[in-house]
Amino acid sequence: GENVEQHPSTLSVQEGDSAVIKCTYSDSASNYFPWYKQELGKRPQLIIDIRSNVGEKKDQRIAVTLNKTAKHFSLHITETQPEDSAVYFCAAGNKLTFGGGTRVLVKP
Amino acid sequence: NAGVTQTPKFRVLKTGQSMTLLCAQDMNHEYMYWYRQDPGMGLRLIHYSVGEGTTAKGEVPDGYNVSRLKKQNFLLGLESAAPSQTSVYFCASSYSIDPPGPAYEQYFGPGTRLTVT
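Which chain is which? The protein sequence lines are A and B, in order. Each position in the first sequence, counted from 1, maps to that position plus 7 in the numbering used here. Each position in the second sequence, counted from 1, maps to that position plus 2 in the numbering used here.
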């Protein structure tokens, strides 16, 4: 089955700086890679996803890059704001195996 | 649309007791999933269903049973609760399970916080 590793487990950034979270996966057949944001006490919500036929995707301050050869993908948040503070999860595989999560804290 | 709903929101059980968690979705999704989330950890798939009347095991199925008698409902049962099953349980649903498809996003319910003492 799929195995997804996510780093770092915690990330503290100054407001306005960029944040980068990296994930690696094991199954070369995986072709869908979503990122979910989970605020404290809330449900996970999709913020961006990328499919294997695309190397990069952007949505305002959020971007995701995918390197299928190396089997890793990354989430980039630019110009971070306090409301970006949350736990972020990457996932991969047909039944979505999730990474362990990254707790992001944006300090004002 | 209510999306994905879960009942109950909170529950405390004693070791050995049984209970059923109900998940309902009104988006006409074929696929439904049950996850558990433990502190500081990601979501782990317990069981899933690819359509009415079907169920399949996920990553951590032991101690749980599921049923999908109606397309819109997915039930998770604990026959004999154990303290190790203390967790937050999330249900999710999606249009398809094999990407890339026109819609694959998983929509999550609000979660059920279960404590087993």
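For each residue, glycine too, the CB sits at the ideal point set by N, CA and C.
Listing by chain order, which chain B residues have their CB less than 8 Å from the CB of residue i?
i, result
"F96(A)", "G44, L45"
"G108(A)", "G42, M43, G44"
What does residue i reach in chain A if we use C-beta pairs closer than 7 Å?
i, result
"P112(B)", "R50"
Under 9 Å Cβ-Cβ, which residues of chain A neighbour residue i?
i, result
"Q27(B)", "Those within 9 Å of Q27(B) in chain A number zero; the least Cβ separation is about 13 Å."
Closer than 7 Å: is that where the CB of residue i sits relative to any heavy atom of the ligand PLP?
i, result
"G44(B)", "Looking at this structure, you won't find the ligand PLP or any other ligand, since it has none at all."
How should residue i be labelled, buried or exposed, when 16 other C-beta atoms within 10 angstroms of its C-beta is the threshold for buried?
i, result
"P41(A)", "buried"
"D66(A)", "exposed"
"D111(A)", "With the sequence shown as reference, residue 111(A) is identified as Val, and Asp is not the correct amino acid for it. Buried."
"G100(A)", "buried"
"L116(B)", "buried"
"D91(A)", "buried"
"M43(B)", "exposed"
"S25(A)", "exposed"
"K44(A)", "buried"
"L103(A)", "buried"
"T114(B)", "buried"
"L71(B)", "exposed"
"P15(A)", "exposed"
"L47(A)", "exposed"
"V8(B)", "The sequence shown places Gln at residue 8(B), not Val. It is buried - the Cβ of Q8(B) has at least 16 other Cβ atoms within 10 Å."
"P120(B)", "Residue 120(B) cannot be examined here, being either before or after the span of chain B that is shown, 3 to 119."
Is the shortest distance between the beta-carbon of residue i and the beta-carbons of chain E less than 8 Å?
i, result
"E32(B)", "Chain labels in this structure do not include chain E; the protein chains are A and B."
Below 8 Å on C-beta distance, what does residue i contact in chain A?
i, result
"G60(B)", "K102"
"F12(B)", "Those do not exist, as F12(B) stays about 12 Å from chain A at its closest Cβ, beyond 8 Å."
"Y91(B)", "Here the premise fails: no neighbours, minimum Cβ distance about 11 Å."
"Y97(B)", "The premise fails here: Y97(B) is roughly 13 Å from chain A at the closest Cβ pair, so nothing lies under 8 Å."
Who are residue i's beta bridge partners in DSSP?
i, result
"S96(B)", "Y33(B)"
"V157(A)", "Residue numbering for chain A in the displayed model covers 8 to 115; residue 157(A) lies beyond these limits and cannot be assessed."
"N3(B)", "None; N3(B) has no bridge partner."
"D56(A)", "P41(A)"
"R68(A)", "Paired residue(s): none; R68(A) is not in a bridge."
"T9(B)", "L24(B)"
"N75(B)", "A26(B)"
Cβ closer than 7 Å: which chain B residues qualify as neighbours of residue i?
i, result
"F105(A)", "G44, L45"
"L53(A)", "E107"
Note down, in chain order, all residues in the segment 60 to 76 of chain B with a beta-carbon under 9 Å from any beta-carbon belonging to chain A. Taking 9 Å as the Cβ-Cβ cut-off, the segment 60 to 76 of chain B approaches chain A at G60, E61, given in chain order.
Going along the chain, which residues of the segment 10 to 30 of chain A sit with their C-beta nearer than 7 Å to a C-beta in chain B? So nothing in the stretch comes that close.
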